[in-house]
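Enquirer: A single structure is presented below for examination.
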Amino acid sequence: MTAGIVALAAIALLIGGAFAGLLFEGAHDFSGAWAAFDPYLLRVVRFTLWQAALSTLLSVGPALFVARALSRHPRFLGRAFILQLFAVPLALPAIVAALGILALYGRAGYFAGLLTMIGGGSWPGIYGLSGILVAHVFFNLPLSVRLFLEALQTIPADQWRLASQLGMGARPAYRLIEWPTLRASLPGVAGLVFMLCITSFTIVLTLGGGPAATTLEVGIYQALRFDFDPARAVTLTLLQIALTFVVALALTRLGANAVGDSSLPVAPRRYLSVSGTETSLNAMLIVLALAFVVGPMAATVMAGLGADLGRLAGEAAVRQATLTSVVLAFLSALLSVMLSLALTMARRALALARRAGARTLLEHATDTGAGFVLVVPPVVIGAGWFLLLRHVGDVFAIALVMVVTVNAVMAMPFALRAVRPAYDAASERHERLCEQLGIAGWNRLILVDWPSLRRPLATAFAFAMALSLGDLGVIALFGSDSVQTLPYLLLARMGSYRTEDAAGLALLLGLVCLALIMAAHWLGREKNRDA
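Residues 6 to 536, numbered by the numbering used here, are exactly what the sequence shown covers, in order.
Below is the structure:
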């Protein structure tokens, strides 16, 4: 119980400190914060909403048809492998995907010649709104497909059997069976994608290309690191918080999955016959979606292999950035898992002590406290602490602590999804026996709960470490020449037009993060198999 209260206090301190920094700065320079409401600010807000709306439309619309095609063909050749590939973008750091998209569609990309020939002039590259949209669709189309397919898998097999007995064709089956399920999940999936797009920082920072394509989060970063205009940063941050809060509130009303978990069950047997024409169209649609997703990943690998990897491995800056990234990610993952376990144990203890009646405020906080961090993006938390700490001393001296704590808390909602079900199940089995034998506290954790929690904790640790390793949101504010991670160094090499070095670093970072995510999924499968 005490550990859970400490975990809640740590989350409250992190978020409360950020808000304190914002409020203090706003009160200190109220006139400057109010003056920030100018045409530029309105343009940034408008672009933030516009790119998120377009990204959602381009991601969710095609995903409906791709998910339907995959659902109609449960024995499609390579279907399981395709779904695994669709999960890869969830593991890639955003800056790695941005490098892959530039390698394909950039001014010197693999498709630059073809695009120049089609356009009839010199290909200018894909920076700006077009690059942001392509990157967002790359990330969110596979996620939407998996979520829609998960919804379609919930249709009872009896409905398909009855449709087959009635001789129902493909069109009426879609209208009467598939579309009602898709329509029910559509608002939640679209809301989730919209939330991801309005809080997208790295994609807009690397592919935005200038002031004309700036979102609120990138505006916060620019106001603090380049213009050093704290008043404008406060105004942008408060607007970003208000925007994400409204979207998160809408997501809860729509019942959306806030962390985008999309583990697919085994497909039920289909009894509906599909015509040859529809089969060909569905196969073409699946292949096009697969090519769109695989293209940037393949380009990242090809561009990375074309870099001088041996020279990069020998650079002191690369070795130091790699070591810093691994150490910070390890500490973030460890802290995230510890906080998640503490909250899980406190929530369970409060639920058992309550027995009956309404939940207390503390129990509600242990249940939903970690999810609150999804409303406040990492850049916003970093901006608040940046403004608060600048009145105390050197903000860059506390960079390592900020990166570890913010990344740990931001990974907690994902870690909780792995730890909480396993702990609750173990508690159901062993609670009464532990009470009778008087086993509690540390002894119970080691002797009773640890065998059941070992794999879920490892899964949560690997996932949290991958998320922390590829994050650029906090280090972009607190990074410096003395404190650099791989994403920060990669961004610096891109900014100095050392594209080959950036490609090599992107390959290294992507492979490490992908290996961690694969380890998390493997551990999760082993956990389910043991259960």
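Just so it is clear, CB atoms sit at the ideal spot from N, CA and C, and this is done for glycine as well. On a predicted model such as this, the values are computed, not experimentally measured, just so you know.
Can at least three beta-carbon pairs, one atom from the segment 144-154 and one from the segment 83-96, be found at a separation below 8 Å?
Expert: The segment 144-154 is in contact with the segment 83-96.
Enquirer: What residue does the alpha helix (DSSP H) around SER190 start on, and which one ends it?
Expert: Here the alpha helix (DSSP H) through SER190 covers 184-203.
Enquirer: Only counting the same chain, and skipping five residues up and downstream in sequence, which positions put a Cβ closer than 6 Å to that of THR349?
Expert: Counting only Cβ-Cβ distances below 6 Å, and skipping sequence neighbours, we find VAL424, ARG425, TYR428.
Enquirer: Can you tell me where the alpha helix (DSSP H) holding SER149 begins and where it ends?
Expert: Note, SER149: alpha helix (DSSP H), 134-157.
Enquirer: State the CB to CB distance for the pair ALA140 and GLY196, rounded to an integer number of angstroms; the pair is presumed to be in contact (CB under 8 Å).
Expert: At roughly 20 Å, the Cβ-Cβ gap does not stay under 8 Å, so ALA140 and GLY196 are not in contact.
Enquirer: Should LEU310 be listed as close to the ligand SAH, given that the test is whether its C-beta is under 7 Å from any heavy atom?
Expert: This structure does not include the ligand SAH; it has no bound ligands of any sort.
Enquirer: Fully enclosed by the segment 421-476, which alpha helix (DSSP H) runs are 4 residues long or longer?
Expert: Those alpha helix (DSSP H) runs which fall completely within the segment 421-476 and span 4+ residues are 446-449, 455-474.
Enquirer: Go ahead and label PHE86 buried or exposed: buried means 16 or more other beta carbons lie within 10 angstroms of its beta carbon, across all protein chains shown.
Expert: With fewer than 16 other Cβ atoms within 10 Å, it is exposed.
Enquirer: Using the rule of at least 16 other Cβ atoms within 10 Å of the residue's Cβ for burial, across every protein chain shown, is TRP39 buried or exposed?
Expert: It counts as exposed.
Enquirer: Report the rounded CA-to-CA distance for LEU13 versus ASP163, giving the unit in angstroms.
Expert: Cα-Cα distance, rounded: 46 Å.
Enquirer: With a CB to CB cut of under 8 Å and the five nearest residues on each side skipped, what residues in its chain are close to LEU187?
Expert: Closer than 8 Å at the Cβ level, and outside the excluded window around LEU187, lie LEU69, ALA72, ARG73, PHE153, ALA156, LEU157.
Enquirer: Look at the alpha carbon of TYR45 and the alpha carbon of LEU513, and state the distance between them as a whole number of angstroms.
Expert: Going by the C-alpha atoms only, they are around 38 Å apart.
Enquirer: How many angstroms separate the CA atom of GLY315 from the CA atom of ALA469?
Expert: In a straight line, the C-alpha of GLY315 is about 29 Å away from that of ALA469.
Enquirer: Measuring CB to CB, does CYS518 end up less than 8 Å from ALA108?
Expert: No, these two residues do not count as a Cβ contact at 8 Å.
Enquirer: Between the Cα of GLY215 and those of GLN245, THR282, LEU134, SER190, spot the shortest distance and give me the residue it belongs to.
Expert: When each option's Cα is compared against that of GLY215, the closest is LEU134.
Enquirer: Within the continuous alpha helix (DSSP H) that includes HIS33, where are the two ends?
Expert: Here the alpha helix (DSSP H) through HIS33 covers 7-33.
Enquirer: Is it buried or exposed, PRO382, if we count other Cβ atoms within 10 angstroms and call 16 or more buried?
Expert: PRO382 should be labelled buried.
Enquirer: Using alpha carbons as the reference points, say which of PHE24, SER64, GLY31, GLY309 lies closest to ALA507.
Expert: Closest by alpha carbon: GLY309.
Enquirer: Can you grab the Cα-Cα spacing for the pair ALA584 / VAL453, in whole Å?
Expert: The structure shown does not extend to residue 584, since the chain is modelled only from 6 through 536, so no value can be given for it.
Enquirer: Report yes if the C-beta distance between LEU421 and VAL488 is below 8 Å; otherwise report no.
Expert: No, they are not a contact pair.
Enquirer: Would you call the CB atoms of ILE203 and LEU241 closer than 8 Å?
Expert: Going by C-beta atoms, ILE203 is not nearer than 8 Å to LEU241.
Enquirer: Applying the criterion that 16 or more other CB atoms from any shown protein chain within 10 Å of the CB defines a buried residue, is PRO98 buried or exposed?
Expert: It is buried - the Cβ of PRO98 has at least 16 other Cβ atoms within 10 Å.
Enquirer: Let's test the definition: count the other Cβ atoms within 10 Å of the Cβ of ARG274 and tell me whether it reaches 16, buried, or not, exposed.
Expert: Unreliable placement is indicated for ARG274, whose pLDDT of 47 sits below 50; the coordinate value is still reported in the next sentence. Label assigned to ARG274: exposed.
Enquirer: Any idea what DSSP makes of HIS78, helix, strand or coil?
Expert: In this structure, HIS78 counts as coil in the three-state DSSP scheme.
Enquirer: Which class does MET173 belong to by DSSP, given the choice of helix, strand or coil?
Expert: In this structure, MET173 counts as coil in the three-state DSSP scheme.
Enquirer: Use the C-beta contact count for ARG180: other C-beta atoms within 10 angstroms, 16 or more gives buried, fewer gives exposed.
Expert: ARG180 comes out exposed.
Enquirer: What does the alpha-carbon distance come out to for the pair GLY265 and SER64?
Expert: At GLY265 the pLDDT is 49, less than 50, meaning the model places this residue with poor confidence; the figure from the coordinates comes in the next sentence. C-alpha separation (whole angstroms): 14 Å.
Enquirer: Please report how far the alpha carbon of TRP128 lies from the alpha carbon of VAL49, in whole angstroms.
Expert: Roughly 26 Å separates the two Cα atoms.
Enquirer: Counting only beta-carbon atoms, is VAL479 nearer than 8 Å to chain B?
Expert: No chain B appears in this structure, which consists of one protein chain only.
Enquirer: Would you kindly work out how many angstroms separate the C-alpha atoms of ASN145 and ASP43, rounded to a whole number?
Expert: Distance between the alpha carbons of ASN145 and ASP43 is about 32 Å.
Enquirer: Below 7 Å CB to CB, which residues in the same chain sit around ASN287 once its five sequence neighbours on both sides are set aside?
Expert: Result list for ASN287: ALA74, ARG77, HIS78, in chain order.
Enquirer: Would you say the segment 461-478 touches the segment 408-422, given that touching needs at least three Cβ pairs under 8 Å?
Expert: Short answer: they touch.
Enquirer: Quick check: what's the CA-CA separation for LEU510 versus GLY500?
Expert: Using only the alpha carbons, I get a separation of about 14 Å.
Enquirer: Secondary structure at GLU320, three-state DSSP: helix, strand or coil?
Expert: Three-state DSSP puts GLU320 in coil, outside helix and strand.
Enquirer: In whole angstroms, what is the alpha-carbon distance linking ILE386 and LEU496?
Expert: When rounded, the distance between both Cα atoms is 21 Å.
Enquirer: Would you mind sorting SER457 into buried or exposed? The rule is 16 or more other CB atoms within 10 Å of its CB.
Expert: Per the 10 Å Cβ criterion, buried.
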